[in-house]
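**Q**
Residue numbers (the working numbering): 2 to 352.
1) Within 10 angstroms of its Cβ, does residue 149 collect 16 or more other Cβ (buried), or is it exposed?
2) Can you tell me whether residue 303 is buried or exposed? The criterion is at least 16 other CB atoms within 10 Å of its CB, across all chains shown.
3) Using the Cβ count rule (16 or more neighbours within 10 Å means buried), how would you classify residue 298?
4) Could you tell me which uninterrupted beta strand (DSSP E) segments, each at least 3 residues in length, are contained entirely in the stretch 113-142, listed from first to last along the chain?
5) Given this structure, state the Cα-to-Cα distance separating residue 222 from residue 279, to the nearest angstrom.
6) Quick check on DSSP: helix, strand or coil for residue 207?
7) Determine the DSSP secondary structure at residue 179, reduced to helix, strand or coil.
8) How should residue 207 be labelled, buried or exposed, when 16 other C-beta atoms within 10 angstroms of its C-beta is the threshold for buried?
9) Which residue from 265, 321, 156, 194 puts its Cα closest to that of residue 86?
10) Cβ atoms of residue 115 and residue 51: under 8 Å apart, would you say?
11) Can you have a look at residue 241 and say buried or exposed, based on whether 16 or more other CB atoms are within 10 angstroms of its CB?
12) Return helix, strand or coil for residue 60, following the three-state DSSP convention.
13) What did DSSP end up calling residue 241 once you bin it into helix, strand or coil?
14) According to the neighbour-count rule (16 or more other Cβ atoms, all chains shown, within 10 Å of its Cβ), is residue 288 buried or exposed?
15) Give every residue of the same chain whose Cβ lies closer than 8 Å to the Cβ of residue 31, excluding the five residues on either side of it in the sequence, and list them in chain order.
16) Can you tell me the Cα-Cα spacing of residue 202 and residue 42, whole angstroms?
17) Which term fits residue 99, buried or exposed, when burial requires 16 or more other beta carbons within 10 angstroms of its beta carbon?
18) Which residues in the same chain have their Cβ closer than 7 Å to the Cβ of residue 34, if we skip the five residues on either side of it in sequence?
19) Any chance you could list the alpha helix (DSSP H) runs of at least 4 consecutive residues sitting entirely within the stretch 232-282, in chain order?
20) With a threshold of 16 other CB atoms inside 10 Å of the CB of residue 308, please say whether the residue is buried or exposed.
21) Looking at the structure shown, is residue 292 part of a helix, part of a strand, or coil, going by DSSP?
22) With a threshold of 8 Å, are at least 3 pairs of Cβ atoms found where one atom belongs to the stretch 245-265 and the other to the stretch 214-231?
23) Taking its Cβ as the centre, do 16 or more other Cβ atoms sit within 10 Å of residue 142, making it buried, or is it exposed?
24) Using only CA atoms, which one of 197, 187, 193, 195 lies nearest to residue 228?
25) Could you spell out the range, first to last residue, of the alpha helix (DSSP H) harbouring residue 314?
26) When you compare each of 129, 93, 319, 65 to residue 54 by their alpha carbons, which one comes out closest?
27) In whole angstroms, give me the CA-to-CA distance for residue 296 and residue 195.
28) Let me make sure I understand the geometry here. Which of 125, 251, 281 has the alpha-carbon closest to that of residue 365?
29) Residues in the same chain with beta-carbon distance under 6 Å from residue 29, minus the five sequence neighbours each way, listed in chain order, please.
30) Give the straight-line distance between the Cα atoms of residue 181 and residue 124, rounded to the nearest whole angstrom.
31) If we ignore side chains and look at the alpha-carbon of each, how far apart do residue 306 and residue 268 end up?
32) Can the beta-carbon of residue 136 be found less than 8 Å from the beta-carbon of residue 212?
33) Between residue 89 and residue 72, is the Cβ-Cβ spacing less than 8 Å?
See below:
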């Protein structure tokens with residue numbers, strides 16, 4: 002069944018380019034043969050390209066939202082890193098720069114959802130690591146400091162790890178229909194995760210590890226957002242607009258809202274590149290884990306592929322660890338000062 006789905010995508014490719022005749026004249030056996038070889042075809046490459054653009058937009062959105070959160074946090078005089086309050090959340094809605102970042106996030110999410118129409122989740126999701134590269138470059142530029150070699154190495158390790166991960170996924174991932182049992186499993190796991198994260202938030206908000214907790218929590222919930230988006234797309238494609246589909250949409254919105262709250266709180270207690278670094282690893286790891294364990298997107302994959310997933314995922318995570326371990330506090334302070342704007346810099350220079 003998964004091959005039929007991929008074959009239908011391949012047959013839709015000429016229509017996308019306007020070449021309907023090419024599709025009609027292509028032998029069905031040739032299409033099925035291409036579909037049986039689980040590599041990146043032209044349709045999946047469209048999904049990859051869209052996902053890359055979405056990752057760039059996500060990095061720009063992160064910088065804008067970090068600037069908005071920093072300004073609100075400074076203006077309120079309270080510790081937003083302990084959890085943004087209702088007043089601070091309302092103040093964010095009056096911050097043009099934060100609203101601009103939110104708009105870019107919406108565009109980025111739409112692009113990611115669109116990418117999932119063309120390519121499997123395990124191929125699209127890890128490409129978000131590109132936003133780490135862009136965010137790191139912007140952070141270095143805004144701080145006015147040259148990027149240290151260890152930081153450059155950390156970014157390269159993360160990117161190479163995810164690139165290898167995607168390469169393996171391209172050869173073993175299949176797009177198969179999702180059963181109701183699989184869907185119920187995803188929703189139950191999401192409910193358990195949300196309850197656990199809320200309980201953990203109450204305990205971690207005063208901890209010195211709170212920023213890391215917010216990053217992990219936000220990334221985990223964003224991983225569910227990607228998974229549920231893939232589920233909703235599949236059900237809508239089949240013409241299923243029933244109650245279970247609506248429940249999926251509501252669950253997606255809940256995961257997105259909760260994940261966004263954790264990310265905004267992380268911005269109040271950390272730098273944008275570190276937040277994005279955490280998200281680009283936790284987010285795809287959660288999404289891919291669900292894709293492998295629950296949705297069966299790598300069903301029938303050889304043992305070496307599963308081992309490669311673990312190894313390359315660990316390599317990428319190690320790159321993020323290096324980035325966090327060698328975070329330059331002076332750079333963080335410079336980026337935050339830049340985010341606050343010149344009106345906040347004057348009092349500091351007078352002191």
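Just so you know, even glycine gets a beta-carbon here, dropped at the ideal spot from N, CA and C.
This one's a predicted model, so the numbers in the text were calculated from it and none came from an experiment.
**A** In terms of the structure at hand:
1) Counted from its first residue, the chain shown places residue 149 at position 148. That one is exposed.
2) Your numbering for residue 303 matches position 302 in the chain shown. Result: exposed.
3) Mapped onto the chain shown, residue 298 falls at position 297. So residue 298 ends up on the buried side.
4) none
5) Sequence index remark: in the chain shown, residue 222 carries index 221 (1-based). Sequence index remark: in the chain shown, residue 279 carries index 278 (1-based). Their Cα atoms are separated by approximately 13 Å.
6) Numbered from its first residue, the chain shown carries residue 207 at position 206. If DSSP states are grouped into helix, strand and coil, residue 207 belongs with coil.
7) One-based indexing of the chain shown puts residue 179 at position 178. Three-state DSSP puts residue 179 in coil, outside helix and strand.
8) Residue numbering aside, residue 207 sits at position 206 when the chain shown is read from its first letter. By the 10 Å Cβ count, residue 207 comes out exposed.
9) In the chain shown, the residue the question calls residue 86 occupies position 85. Considering only alpha carbons, the answer is 265.
10) If you number the chain shown from 1, residue 51 lands on position 50. If you number the chain shown from 1, residue 115 lands on position 114. Result yes, Cβ atoms of residue 51 and residue 115 sit closer than 8 Å.
11) On the chain shown, residue 241 is found 240 positions in, with the first residue counted as 1. By the 10 Å Cβ count, residue 241 comes out exposed.
12) One-based indexing of the chain shown puts residue 60 at position 59. If DSSP states are grouped into helix, strand and coil, residue 60 belongs with the helices.
13) For this step, residue 241 is matched to residue 240 along the chain shown. Coil, per DSSP.
14) Here residue 288 is taken as the residue at index 287 of the chain shown, counted from 1. Residue 288 comes out buried.
15) Translated into positions along the chain shown, residue 31 becomes position 30. Residue confidence for residue 31 is low, a pLDDT of 42 falling below 50, so the modelled location carries little weight; the figure read from the coordinates is stated next. None.
16) Within the chain shown, the letter at position 201 stands for residue 202. Within the chain shown, the letter at position 41 stands for residue 42. Using only the alpha carbons, I get a separation of about 43 Å.
17) One-based indexing of the chain shown puts residue 99 at position 98. The residue in question, residue 99, is buried, as its Cβ has 16 or more Cβ neighbours within 10 Å.
18) Here residue 34 refers to the residue found at position 33 of the chain shown. Unreliable positioning characterises residue 34 in this predicted model, as indicated by a pLDDT of 38, which lies under 50. A coordinate reading is not provided.
19) 244-270
20) Along the chain shown, one-based indexing puts residue 308 at 307. Its Cβ having fewer than 16 others within 10 Å, residue 308 is exposed.
21) Reading the chain shown from its first residue, position 291 is the one you call residue 292. Looking at residue 292 - three-state DSSP - the assignment turns out to be helix.
22) yes
23) Mapped onto the chain shown, residue 142 falls at position 141. Exposed, by the Cβ-count rule.
24) Taking the chain shown and counting its residues from 1, the one referred to as residue 228 is at position 227. Nearest of 197, 187, 193, 195 to residue 228, Cα basis: 187.
25) Working through the chain shown from its first residue, we reach residue 314 at position 313. Membership of residue 314 in the alpha helix (DSSP H) is indicated by the continuous run 304-326.
26) Along the chain shown, read from residue 1 onward, the residue named residue 54 stands at position 53. Nearest C-alpha to residue 54: 129.
27) Taking the first residue of the chain shown as 1, we reach residue 296 at position 295. Taking the first residue of the chain shown as 1, we reach residue 195 at position 194. Approximately 20 Å between the Cα atoms of the pair.
28) Absent from the model: residue 365. The displayed extent of the chain is 2 to 352, so no value can be given.
29) Within the chain shown, the letter at position 28 stands for residue 29. Note that residue 29 scores a pLDDT of 37, beneath 50, so its modelled location is shaky and nothing firm can be said.
30) Counting from one through the chain shown, the residue named residue 181 turns up at place 180. Counting from one through the chain shown, the residue named residue 124 turns up at place 123. Roughly 23 Å between the two C-alpha positions.
31) For the purposes of this step, residue 306 is identified with residue 305 of the chain shown, where counting begins at 1. For the purposes of this step, residue 268 is identified with residue 267 of the chain shown, where counting begins at 1. Their Cα atoms are separated by approximately 36 Å.
32) Within the chain shown, the letter at position 135 stands for residue 136. Within the chain shown, the letter at position 211 stands for residue 212. No.
33) Working through the chain shown from its first residue, we reach residue 89 at position 88. Working through the chain shown from its first residue, we reach residue 72 at position 71. No, the pair does not count as a contact, with Cβ atoms beyond the cut-off.
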